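*Asks:* Please read through the structure below; I'll follow up with questions.
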Amino acid sequence: MSGDVVKSMSAETQMEEPKATEERPKWDNKVQYLLTCIGFAVGLGNVWRFPYLCQKYGGGAFLIPYLIALVFEGLPLLHLELAIGQRLRTGSIGVWNSISPYLGGVGLASMTVSFLVGLFYNTILAWILWYFFHSFQNPLPWENCPVNVNRTGYITECEKSTPVNYFWYRETLNITPNIETGGSLQWWLVLCLATAWCLVYVCFIRGIETIGKAVYVTATFPYLVLTIFLIRALTLPGASLGLTYLFTPQWETLKNPKVWLDAATQIFFSLSLAFGGLIAFSSYNPQKNDCQRDALIVGCVNSATSIYASIPIFAILGFKATENFNACLGENILALTNAFNIGDQNITVENYDDWFTHLNETEPSLVMDLHLRNCNLQTFLDQSASGTGLAFIVFTEAVIKMPASQVWAVLFFVMLFSLGLSSMFGNLEGVLTPLLDLNLVPKWMPKEVFTGLMCVVSFAVALIFTLGSGNYWLEIFNNYVGSLPLLIIAFFEITAVVFIYGINRFSDDIKWMTGQRPNLYWQATWRVISPLMLLVVFLAYIVVEAGEKPSYSAWNPNYVDFPLADVHAYPEWVYSICVLLSAVPCLLIPLAALYRLAQLLMKYMADRRTPNPYGNDSYVSDL
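For the sequence shown, the residue numbers in the UniProt record's numbering are 1 to 623.
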């Protein structure tokens with residue numbers, strides 16, 4: 001694009017800007033804005049994704065690629081989104097349309113991703129509500145197996161697995177054995193999903209006026225609960241083992257390229273970049289605001305929260321591993337005691353290895369016939385989980401072994417709900433703000449009614465996740481919507497600002513807003529480092545995905561190795577949906593540009609057919 005065209009576009013934007021500025025709502029204060037951005041960035045992934053990656057990739061060693069990604073990828077993109085939204089004071093579609101009419105598809109892609117992510121994200125909140133409602137029972141419903149219909153014993157499916165697994169897969173999800181078996185709507189999940197959307201609507205009913213009030217609770221309460229868990233977790237037996245396991249560096253893991261890929265994607269998705277929500281939130285700021293400082297605060301608080309949340313989580317997982325290890329040894333001790341009639345000289349956890357060695361040397365055949373379990377503490381520590389597995393299986397199993405387990409269960413699920421709710425504000429804002437800014441909402445429809453309509457539509461579409469196969473579909477949405485599209489959107493965002501809007505002009509805007517010009521660090525990352533990192537991560541992601549055939553783990557009680565996961569490859573029609581979920585948001589970018597170009601060509605053809613006193617080349621200014 002030529003300089004004259006940019007200037008012309010800029011002048012047009014500035015002509016429209018005062019009107020938007022006058023009518024646009026504003027935050028009550030700076031604290032509300034920061035808490036909202038922090039609440040959007042700090043979400044469920046900080047609690048159940050980051051600790052898993054840290055444990056999986058060498059403990060403390062993983063922090064090195066993670067912090068590198070934060071400095072050279074996360075913070076620059078975060079600063080860019082906050083600054084461009086604050087300067088142009090409009091949502092994601094309006095921002096990129098203002099920079100170039102051919103970039104409106106970037107905003108459309110962000111809005112589409114926010115809508116799709118909001119669908120499954122609020123379903124997770126519905127699951128959390130279901131567990132929260134059951135957390136007041138004594139004993140907790142996932143503590144023991146239910147009795148069978150004949151009341152002659154326990155349900156076989158539960159006995160073969162565990163009470164925690166049974167409550168999650170059967171009592172909560174009522175999951176089907178594979179994704180091709182759809183199953184019926186689970187009425188309890190439908191009610192919880194409706195409740196979750198109602199709560200989101202109540203908090204969002206008047207936009208930032210009500211969001212700003214809600215974040216005082218939703219963005220701060222998780223830190224209170226994490227601190228309570230931290231104090232309690234550090235006093236549990238085995239906590240030190242979990243922390244040692246988490247933070248002991250395994251430097252050789254840094255040779256694995258996937259470590260760096262996961263670190264780059266984790267910091268990217270953790271900060272909620274490219275969703276459009278941060279652009280929308282910053283657009284309600286006064287233009288004279290230090291957006292650079294805001295980006296540093298939000299980015300650093302987000303990463304610090306991930307590390308802070310890992311400490312109580314892994315202290316509790318260390319406690320769980322210790323309890324399981326002792327229970328395993330207890331079963332073996334009982335078997336040995338009964339088999340060898342050991343009376344006065346009791347076998348204990350402390351002297352078990354000595355006794356086992358002695359008995360195995362004297363009566364090896366008898367010991368072999370007992371089929372003793374292989375009790376290894378390291379094995380129990382290795383049984384990590386992420387996502388829903390950490391929240392609804394691993395952690396709930398640890399809670400039932402803690403004194404006053406109902407209290408800890410209630411606190412844990414209230415914390416998760418607060419984290420998810422504050423993130424939902426950003427997802428919904430990323431959809432509503434662009435639509436309102438573009439005047440796509442009928443003037444006769446109040447904003448509150450339109451917001452309610454969006455929540456109802458989202459609830460109706462999200463009913464797919466309440467089917468018996470809903471968990472499989474949620475994993476698909478999570479893996480394919482919130483991955484590749486965001487990388488492509490972010491790449492277009494940063495290249496649009498640097499090469500179309502103009503990095504010098506952008507720097508001048510920041511100086512006008514903050515009083516200081518971006519330093520060498522920001523200039524280098526925006527111009528070269530961040531776009532290059534995004535490109536490398538994108539190519540690495542494509543290579544990794546192309547080399548792996550997509551599959552999923554099914555819960556199938558009829559599987560020969562049950563309760564181990566029954567792994568299936570996705571059917572072709574399901575894999576096609578996976579591709580569509582990744583491709584559709586990305587395709588909106590070129591399609592919107594082609595649509596704009598077609599409009600201009602049609603205008604040109606009309607000008608050629610109709611005499612114009614100013615000539616037939618007025619379309620050139622639009623190009």
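By construction, the Cβ of each residue, glycine as well, lies at the ideal position given by its N, Cα and C atoms.
Small disclaimer: the values here were computed from a predicted structure and weren't measured.
On the DSSP bridge list, what partners appear for residue 117?
*Replies:* The partner list for residue 117 (beta bridge, DSSP) is empty, contrary to what the question assumes.
*Asks:* Does the pairing of the segment 33-46 with the segment 416-430 give three or more beta-carbon distances under 8 Å?
*Replies:* With the cut-off at 8 Å, the segment 33-46 and the segment 416-430 touch.
*Asks:* I need the boundaries of the alpha helix (DSSP H) containing residue 240, first residue and last residue.
*Replies:* Its alpha helix (DSSP H) spans residues 239-247.
*Asks:* Skipping 5 residues on each side, what residues in its chain have a beta carbon closer than 8 Å to that of residue 577?
*Replies:* 476, listed in sequence order.
*Asks:* With three or more beta-carbon pairs closer than 8 Å as the criterion, would you say the segment 139-152 touches the segment 394-408?
*Replies:* A contact exists between the segment 139-152 and the segment 394-408.
*Asks:* State the beta-bridge partners of residue 566 as determined by DSSP.
*Replies:* Bridge partners of residue 566: 554.
*Asks:* So the candidates are 212, 275, 324; which of them puts its Cα closest to the Cα of residue 78?
*Replies:* Of the candidates 212, 275, 324, the one whose C-alpha sits nearest the C-alpha of residue 78 is 275.
*Asks:* Output yes or no for whether 7 Å exceeds the beta carbon distance between residue 175 and residue 468.
*Replies:* Yes, they are a contact pair.
*Asks:* How would you label residue 198, buried or exposed, when you count the other beta carbons within 10 angstroms and need 16 or more for buried?
*Replies:* Looking at its Cβ environment, which holds fewer than 16 other Cβ atoms inside 10 Å, residue 198 is exposed.
*Asks:* Does the segment 255-267 come into contact with the segment 336-350, if we say contact requires no fewer than three beta-carbon pairs (one atom in each stretch) closer than 8 Å?
*Replies:* In short, these stretches do not touch, since the Cβ pair count stays below three.
*Asks:* If you scan the segment 369-430 from start to end, which runs of the alpha helix (DSSP H) of 4 or more residues do you find wholly inside it?
*Replies:* Within the segment 369-430, the complete alpha helix (DSSP H) runs of at least 4 residues are 377-382, 395-399.
*Asks:* Please list the terminal residues of the continuous alpha helix (DSSP H) segment that includes residue 213.
*Replies:* That run of the alpha helix (DSSP H) goes 208-218.
*Asks:* Express the C-alpha separation of residue 89 and residue 21 in angstroms, rounding to a whole number.
*Replies:* Model confidence at residue 21 stands at a pLDDT of 42, short of 50, so the residue's coordinates are unreliable; what they give is reported in the following sentence. Approximately 7 Å, taken between the alpha carbons.
*Asks:* Does DSSP put residue 521 in a helix, in a strand, or in coil?
*Replies:* Looking at residue 521 - three-state DSSP - the assignment turns out to be helix.
*Asks:* Where does residue 624 fall in DSSP's three states?
*Replies:* No answer is possible for residue 624: it lies beyond the span of the chain, which begins at 1 and ends at 623.
*Asks:* What residues match up with residue 154 in a beta bridge as DSSP calls it?
*Replies:* Bridge partners of residue 154: 147.
*Asks:* Could you pull out every residue in the same chain whose Cβ sits closer than 7 Å to the Cβ of residue 61, ignoring the five residues on either side in sequence?
*Replies:* Closer than 7 Å at the Cβ level, and outside the excluded window around residue 61, lie 249, 250, 251, 253, 254.
*Asks:* Residue 607 by DSSP, collapsed to three states: which one?
*Replies:* Residue 607: helix per DSSP, three-state reduction.
*Asks:* Applying the criterion that 16 or more other CB atoms from any shown protein chain within 10 Å of the CB defines a buried residue, is residue 493 buried or exposed?
*Replies:* Buried, because 16 or more other Cβ atoms sit within 10 Å of the Cβ of residue 493.
*Asks:* Determine the closest residue to residue 191 out of 172, 209, 203, 32, with distance taken between C-alpha atoms.
*Replies:* Taking only the C-alpha atoms, the option nearest residue 191 is 172.
*Asks:* Could you check the C-alpha separation between residue 593 and residue 107 for me, to the nearest Å?
*Replies:* Roughly 12 Å separates the two Cα atoms.
*Asks:* Would residue 104 be called buried (16 or more neighbouring beta carbons within 10 Å of its own) or exposed?
*Replies:* Residue 104 is buried by the Cβ-count criterion.
*Asks:* Would you say the segment 152-169 touches the segment 529-549, given that touching needs at least three Cβ pairs under 8 Å?
*Replies:* Judged by Cβ distances under 8 Å, the segment 152-169 makes no contact with the segment 529-549, as fewer than three pairs qualify.
*Asks:* Can you tell me where the alpha helix (DSSP H) with residue 266 in it begins and where it stops?
*Replies:* Counting along the chain, the alpha helix (DSSP H) containing residue 266 begins and ends at 257-270.
*Asks:* Please list the segments of the alpha helix (DSSP H) lying wholly inside the segment 480-506, counting only runs of 4 or more residues, in order along the chain.
*Replies:* With a minimum length of 4 residues, the continuous alpha helix (DSSP H) runs that stay inside the segment 480-506 are 484-495.
*Asks:* My output table needs one value for residue 544: the three-state DSSP class, helix, strand or coil.
*Replies:* In the structure shown, residue 544 sits in a helix (DSSP, three-state: H, G or I).
*Asks:* Between residue 92 and residue 430, which are expected to be in contact by the criterion C-beta below 8 Å, what is the C-beta distance as a whole number of angstroms?
*Replies:* 7 Å between Cβ atoms; contact.
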